[in-house]
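See structure below.
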Amino acid sequence: MNSVYRDASGIPHLRAGDPYELAFAQGRVTALDRAWQIEVERRRATGTSAAVLGPDAVPWDRFARQARLADTAERCLHALDDDTARWVSVYVDGVNAGLPEGARRAPEFTSAEADQHDVAQPAAGLGAAGLGTGLGAAGHDGAQPAAGLDAAGVVPGRWEPWTPLAIWLSHHILFAHFPAKLWREAVAERLGPEAVALFAHDGPGAGGSNGWLVPADRTATGAALIAGDPHRFIEDPGFYQQIRLACPEFDVVGLAVPGVPGIAHFGHAGSVAWAITNAMADYQDLHRERLRCADGRVEALGPDGWRTCTAHVEVVDVAGEAPVEIEVVETERGPVVMADARGETGRGHVREALSLRYPPRVLRDLGFAALPALLRAKTVADVDRALDRWAEPVNVVLAADTGGGLLHRVAGTVPVRHPDNALRVVPAWEPGHEWGGRHAPMPRREIRGVTVMANERGIAAPLGVEFAPPHRADRIGRLLDGAARWSAGDMAAVHTDTLLPGAGALLDLLAGLDGLGLDGLSPEAVHLRERLSAWDRHMDAGSTGAAAYAAVRAEVVRRLAAHPALASLAGLADEVPEVFRPWLALTPRVAYALEGLLTTDRLPGLDRAALADLARAALEDVAARDELTGARWGDLHRLAPWRALPSPAISPTADDAAPVEAGLAGDHNCVLSTSSVPGVTHHCARGPAARYVWDLARRDGSLWIVPFGASGVPGDPHRRDQHPLWLRGELVPVVTDWNRLTLDPADRGAA
Numbered sequence: 001m002n003s004v005y006r007d008a009s010g011i012p013h014l015r016a017g018d019p020y021e022l023a024f025a026q027g028r029v030t031a032l033d034r035a036w037q038i039e040v041e042r043r044r045a046t047g048t049s050a051a052v053l054g055p056d057a058v059p060w061d062r063f064a065r066q067a068r069l070a071d072t073a074e075r076c077l078h079a080l081d082d083d084t085a086r087w088v089s090v091y092v093d094g095v096n097a098g099l100p101e102g103a104r105r106a107p108e109f110t111s112a113e114a115d116q117h118d119v120a121q122p123a124a125g126l127g128a129a130g131l132g133t134g135l136g137a138a139g140h141d142g143a144q145p146a147a148g149l150d151a152a153g154v155v156p157g158r159w160e161p162w163t164p165l166a167i168w169l170s171h172h173i174l175f176a177h178f179p180a181k182l183w184r185e186a187v188a189e190r191l192g193p194e195a196v197a198l199f200a201h202d203g204p205g206a207g208g209s210n211g212w213l214v215p216a217d218r219t220a221t222g223a224a225l226i227a228g229d230p231h232r233f234i235e236d237p238g239f240y241q242q243i244r245l246a247c248p249e250f251d252v253v254g255l256a257v258p259g260v261p262g263i264a265h266f267g268h269a270g271s272v273a274w275a276i277t278n279a280m281a282d283y284q285d286l287h288r289e290r291l292r293c294a295d296g297r298v299e300a301l302g303p304d305g306w307r308t309c310t311a312h313v314e315v316v317d318v319a320g321e322a323p324v325e326i327e328v329v330e331t332e333r334g335p336v337v338m339a340d341a342r343g344e345t346g347r348g349h350v351r352e353a354l355s356l357r358y359p360p361r362v363l364r365d366l367g368f369a370a371l372p373a374l375l376r377a378k379t380v381a382d383v384d385r386a387l388d389r390w391a392e393p394v395n396v397v398l399a400a401d402t403g404g405g406l407l408h409r410v411a412g413t414v415p416v417r418h419p420d421n422a423l424r425v426v427p428a429w430e431p432g433h434e435w436g437g438r439h440a441p442m443p444r445r446e447i448r449g450v451t452v453m454a455n456e457r458g459i460a461a462p463l464g465v466e467f468a469p470p471h472r473a474d475r476i477g478r479l480l481d482g483a484a485r486w487s488a489g490d491m492a493a494v495h496t497d498t499l500l501p502g503a504g505a506l507l508d509l510l511a512g513l514d515g516l517g518l519d520g521l522s523p524e525a526v527h528l529r530e531r532l533s534a535w536d537r538h539m540d541a542g543s544t545g546a547a548a549y550a551a552v553r554a555e556v557v558r559r560l561a562a563h564p565a566l567a568s569l570a571g572l573a574d575e576v577p578e579v580f581r582p583w584l585a586l587t588p589r590v591a592y593a594l595e596g597l598l599t600t601d602r603l604p605g606l607d608r609a610a611l612a613d614l615a616r617a618a619l620e621d622v623a624a625r626d627e628l629t630g631a632r633w634g635d636l637h638r639l640a641p642w643r644a645l646p647s648p649a650i651s652p653t654a655d656d657a658a659p660v661e662a663g664l665a666g667d668h669n670c671v672l673s674t675s676s677v678p679g680v681t682h683h684c685a686r687g688p689a690a691r692y693v694w695d696l697a698r699r700d701g702s703l704w705i706v707p708f709g710a711s712g713v714p715g716d717p718h719r720r721d722q723h724p725l726w727l728r729g730e731l732v733p734v735v736t737d738w739n740r741l742t743l744d745p746a747d748r749g750a751a
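The working numbering numbers the first residue of the sequence shown as 1 and each following residue consecutively.
As structure tokens, this is what we get:
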């Protein structure tokens, strides 16, 4: 028998007699609390989301089918050890058991009967939200397309044992940023290889996750603290599920991913706790393929000549429109994910395309064997051994235990291959680009004092090409050095720090305009520059200086992206599938590389004088518009979460409640990394998808928060109750005393 308890925030605390009963309970409560969310994720993973969400979802479905996500997940399941496969399967049984009730709770579903595709025939003209790349349906501008089921009836589809693996892969297939190879190749061809480094910041969203460990000798309790915040595109309901999993073998609180068993990335087991950030490793390859048709077969040219490919056609159903046929081709390197415009097409002719080679497809391993091992961990050594089984994605890990053990390492699978594979698209027909095993041992570092991980070029440097700027990591380190002792409650001040170190490049350029022989500034521009000079460089929601800086920055980005020196990079996004466009759109690339572009002399036509002239024109333009009077950063920097379907407006239920689309503090290189796309929109689609503080002195001294709330059901009292706190940077206590929890009879079930 398993039981579900709830705390004051509606967070589920699950109790069961063994790990398998517990896995069933986790699957069931996830289906009850997040039925629509996991239905959408199941469809994304299987390339069937357009059947419900409409034509905007076709690009993602096409990619999911062509990249063979579901088939790869099934292969990985079959390669699992028996115990882990059983554990995953029991979780799926729980999901299937809970979905009927979960669907009845969720208004996104209706009672209509499903046809053979799980979906009743939709009404004509159905509008639907596109899932885009999984990086926000809004692309770069943060706007959310409307959607609605209207008369469509949807019933949840049945989960297969491999479905959780497919969902995990769907979430992380783009984490290694393989489309950035297309951008680097284009920059090298058009501006020269030396220009690649000027844009060396992996898109499409700037920033990334923060994590830090404060050792015992620097804490108020004499035990280590681990804290941080994973940065993702903000989804509604939230990406992470706060949960507790308890049975006689273990008792773990942490952040789960709805649809995936266990607690992978952020967990506290009482005697040990762990957390991760993206290592920014490169472990996926793009090969340029030459394909031809021969005797009814598709063949690809490899180092050993022409070889037959697997090829077939799949049909994607689209709500409100005709079905779409998709050619699925796989070479010896991997599945073909896009055609290459430079190649000749036509029957009997050779055409070029790009194939994707990624470890789970090749090695049949997502690392799921690490998940139950993490739940059973009691010490840092146990966590370390569990993570030896980790595969996808590649992470930097911090862990600590109550015995004084500390861990700082990289976990995951990175293939050993030619350095060019990591930098660019490589020719499939040339030898030397094959994989030669896995990178081992994975990097690790002894912890001596406060340790920070923030996607910077650090412990994982040998494994990657592009990393986040060092600003966040450096700033967190300086903040933590500012006090001799830290407590769990003190960490909110670090989570919410809004200093923007990278602002100096533009501010210094503006300050030096008079000395560059340019025409004098207008009085309005002089006044605006004086305001910027007096600004404290903090992107606070209430700051008028931050708003003024953002407006000038946006204008500089737009003008720089339109400059003739970069004209050859314009329009690249139009040449690739929609899923890859965020990595090749010029304006966001300029926005995230602005600090370097304003301080370089390596681009022809963009010397210091030209940059100063551009900055002067931008300053004058913003000053002349006079639209910033009284404007605060939070008035411009609004949260634009991604939703599969629009939710009705939620009325605040308390005086301190805040609307979902509230104004935010922070910016993409602040510790409070709330990313917009300067030059495109001030709206924010990416930010802290959770915040946590793991206290090793006592687990109930730990703290956490997520945007929105624990429930994904509209109208539920816990649908939005954490959101005002998240906006203010506050956290709620982790509750571990069963006597302070409430048994939820409606959620009670037998395994």
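Glycine included, C-beta positions come from ideal geometry on N, C-alpha and C.
Computed from a predicted structure; not experimentally measured.
How many angstroms separate the CA atom of residue i from the CA atom of residue j?
i	j	result
A8	R105	20 Å
E185	A541	38 Å
A609	G596	16 Å
L752	V622	Coverage of the chain is limited to positions 1 through 751, which leaves residue 752 absent and any answer about it impossible.
G571	A97	49 Å
V671	R307	50 Å
R42	R485	45 Å
L619	E578	34 Å
L198	V576	22 Å
G482	A339	53 Å
V556	L463	34 Å
Which partner residues of residue i appear in the DSSP bridge assignment?
i	result
L743	Y5
N395	N278, A411
H312	V328
E231	Residue identity differs from the one stated: residue 231 is His in this sequence, not Glu. Looking at the DSSP assignment, H231 forms a beta bridge with P688.
Q241	A256
I226	L213, W694
P12	R6
So, at 7 Å on beta carbons, what are the nonlocal neighbours of residue i in its own chain, with the 5 sequence-adjacent residues on each side left out?
i	result
V396	I276, T277, A279, V410, M453, I459, A460
Y549	A503, L532, W535
S49	V40, R43, A57, W60, D61, L131
Starting from the C-beta of residue i, find all residues in its chain whose C-beta is less than 6 Å away, skip the five residues before and the five after it, and write them out in chain order.
i	result
R333	H287, S355, R357, A428
V95	G27, A31, W159
H13	Y5, R244, L741
S487	A220
V329	V298, C309, A311, V336
Q37	P237, P258, G712
N421	D285, H433
T544	R632
D603	The question names Asp, but residue 603 is Leu in the sequence shown. Closer than 6 Å at the Cβ level, and outside the excluded window around L603, lie A565.
Using the three-state DSSP reduction, which class does residue i fall into: helix, strand or coil?
i	result
P688	strand
M453	strand
W704	strand
T30	helix
W726	helix
N96	helix
G346	Caution applies to G346, whose pLDDT of 47 falls short of 50 and renders its modelled position unreliable; the model cannot decide the point.
D285	strand
V735	coil
W694	strand
S543	coil
W535	coil
H172	helix
N210	strand
T84	helix
Would you please verify whether the beta carbon of residue i is less than 9 Å from any beta carbon of chain C?
i	result
L14	This model lacks chain C altogether, as it is built from one protein chain only.
Using a Cβ-Cβ cut-off of 8 Å (strictly less than) and excluding sequence neighbours within five positions of residue i, which residues of its own chain qualify?
i	result
A654	Confidence is the limiting factor: at A654 the pLDDT is only 41, short of 50, which leaves the residue's position unreliable, though a coordinate-based value still follows. So the list reads P724, once near-sequence residues are dropped.
Stretch pair the region 209–221 + the region 480–499: three plus CB contacts closer than 8 Å: Taking 8 Å as the limit for Cβ pairs, the verdict is that the region 480–499 does touch the region 209–221.
Meets three-Cβ-pair contact criterion under 8 Å: the region 617–635 and the region 435–444: No, the region 617–635 does not touch the region 435–444.
Inter-stretch contact (C-beta, 8 Å, three-pair minimum) for the region 377–389 and the region 314–321: By the Cβ test, the region 377–389 is not in contact with the region 314–321, since fewer than three Cβ pairs between them sit closer than 8 Å.
Cβ pair count under 8 Å reaching 3, the region 699–710 against the region 729–741: With the rule of 3 Cβ pairs closer than 8 Å, the region 699–710 counts as touching the region 729–741.
Cβ contact (3+ pairs, closer than 8 Å) linking the region 155–171 and the region 256–270: As far as the Cβ criterion goes, the region 155–171 touches the region 256–270, which means the pair count is three or higher.
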